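Numbering (my numbering), first residue to last: 7 to 153.
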């Protein structure tokens, strides 16, 4: 009998006849797939029914819910912004402390270069202002002497 079923299998499938292990794998996968598809459909149906039931309540309460949601969002955004500003302020104070203490925090070189450029420009402007002041004094003396 077993020989006969083997011969039938070989005539139908050739050398690549499915084993019972492969058949169990296919059946298990099909069963799990069908079960999950059924649960997915059930969840979708429940969601749609829940939305249908709750929609009239949302429409009736929307004059209250929308401003409340906006107020909650603005409150949350304010707390987040406040916390962010506080964190940045603390980190800036720590950076300044490290800079003043001589620990050379990141960006200190750029700050020093900026200070040097600013000091150089200030000296140049001071010299220009002194030169313009002298020119004005000379012209004032010339006009007073010429009169």
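Using N, Cα and C, we set each Cβ at its ideal position, and we do this for glycine too. None of these values were measured; they are calculated from a predicted model.
Are the Cβ atoms of residue 114 and residue 103 separated by less than 8 Å?
No.
Return helix, strand or coil for residue 107, following the three-state DSSP convention.
Coil, per DSSP.
Name the two residues that bound the continuous alpha helix (DSSP H) containing residue 113.
Counting along the chain, no alpha helix (DSSP H) covers residue 113, and no H or E run does either.
Quick one: Cα of residue 38 to Cα of residue 91, how far?
Straight-line Cα distance between these residues: approximately 52 Å.
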